[in-house]
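Data first, discussion second: the structure below is written as structure tokens.
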């Protein structure tokens, strides 16, 4: 049996196949463009990155950064946030990347989810579960907590709010601070800390 001949498809071809798949489905796109359905699925996952490269490009492996300076600044920002024990999510990474792109006049930057995970892979970042919750309490946190409780009670009295109009939170207590369980961190880091205000144990009412 003769070996299958491999074809090199440019980005424009891939995006046409993706558009057809979005409208008609992966299987229909595979038939229309005479390609394997698995290729359609792969290209759909790469759509955000495909739209950021030249349409005549045939080889696309997704490993090389198109804007290395932007990614350098973004990685530094992630490192600074984690050094301060602040949690970092993929959403905040994409938002920061969009801001950096705007500041650097990179108009064609999209910063979709696919790009974000490729950036993380290139920069040895991964989503990690926190191991330590670092509390940082404001000096006047007790006064603020008491003042807020008093404010709520005064408003209830001032507005003559009846007891039946007050939501009961006994079964689902709401705290002032809910620590996140996961954050983006350098792969291999043994201790993953997330800083909070320390109010996760104080109910709001």
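Residue numbers (full-length UniProt numbering): 1 to 205. Ideal Cβ placement from N, Cα and C applies to all residues, glycine included. What you are looking at is a predicted structure, and each value in this text was computed from that prediction instead of being measured.
Which one of the options has the shortest CA to CA distance from residue i?
{"i": "residue 67", "options": "97, 164 and 153", "result": "97"}
{"i": "residue 101", "options": "72, 129, 118 and 88", "result": "72"}
{"i": "residue 77", "options": "64, 65 and 92", "result": "92"}
{"i": "residue 130", "options": "186, 109 and 141", "result": "186"}
{"i": "residue 208", "options": "94, 39 and 32", "result": "For the chain, the structure presents residues 1 to 205; residue 208 sits outside this window and is missing."}
{"i": "residue 21", "options": "79, 126, 37 and 12", "result": "37"}
{"i": "residue 43", "options": "69, 167 and 26", "result": "26"}
{"i": "residue 87", "options": "154, 141, 128 and 167", "result": "128"}
{"i": "residue 79", "options": "125, 34 and 112", "result": "125"}
{"i": "residue 107", "options": "149, 7, 181 and 51", "result": "51"}
{"i": "residue 35", "options": "12, 11, 7 and 141", "result": "7"}
{"i": "residue 110", "options": "47, 12 and 181", "result": "47"}
Using the Cβ count rule (16 or more neighbours within 10 Å means buried), how would you classify residue i?
{"i": "residue 172", "result": "The predicted model places residue 172 with a pLDDT of 49, which falls under 50 and marks its position as unreliable, so this point remains unresolved."}
{"i": "residue 14", "result": "buried"}
{"i": "residue 19", "result": "exposed"}
{"i": "residue 118", "result": "buried"}
{"i": "residue 17", "result": "buried"}
{"i": "residue 31", "result": "exposed"}
{"i": "residue 12", "result": "exposed"}
How many Å lie between residue i and residue j at the Cα?
{"i": "residue 114", "j": "residue 162", "result": "51 Å"}
{"i": "residue 160", "j": "residue 147", "result": "20 Å"}
{"i": "residue 165", "j": "residue 90", "result": "39 Å"}
{"i": "residue 240", "j": "residue 95", "result": "In this structure the chain extends from 1 to 205, so residue 240 is not present and cannot be described."}
{"i": "residue 188", "j": "residue 82", "result": "14 Å"}
{"i": "residue 116", "j": "residue 157", "result": "50 Å"}
{"i": "residue 75", "j": "residue 45", "result": "23 Å"}
{"i": "residue 23", "j": "residue 183", "result": "35 Å"}
{"i": "residue 41", "j": "residue 33", "result": "13 Å"}
{"i": "residue 153", "j": "residue 139", "result": "24 Å"}
{"i": "residue 230", "j": "residue 149", "result": "With the chain running from 1 to 205 in the structure shown, residue 230 is simply not present."}
{"i": "residue 181", "j": "residue 84", "result": "16 Å"}
{"i": "residue 142", "j": "residue 112", "result": "42 Å"}
{"i": "residue 145", "j": "residue 167", "result": "20 Å"}
{"i": "residue 194", "j": "residue 151", "result": "30 Å"}
Identify every residue that forms a DSSP beta bridge with residue i.
{"i": "residue 184", "result": "127"}
Tell me, to the nearest whole angstrom, how far the beta carbon of residue i is from that of residue j; I am working on the premise that it is less than 8 Å.
{"i": "residue 29", "j": "residue 122", "result": "The pair is not a contact, with the Cβ atoms about 29 Å apart (cut-off 8 Å)."}
{"i": "residue 70", "j": "residue 120", "result": "With a Cβ gap of about 14 Å, residue 70 and residue 120 do not count as contacting."}
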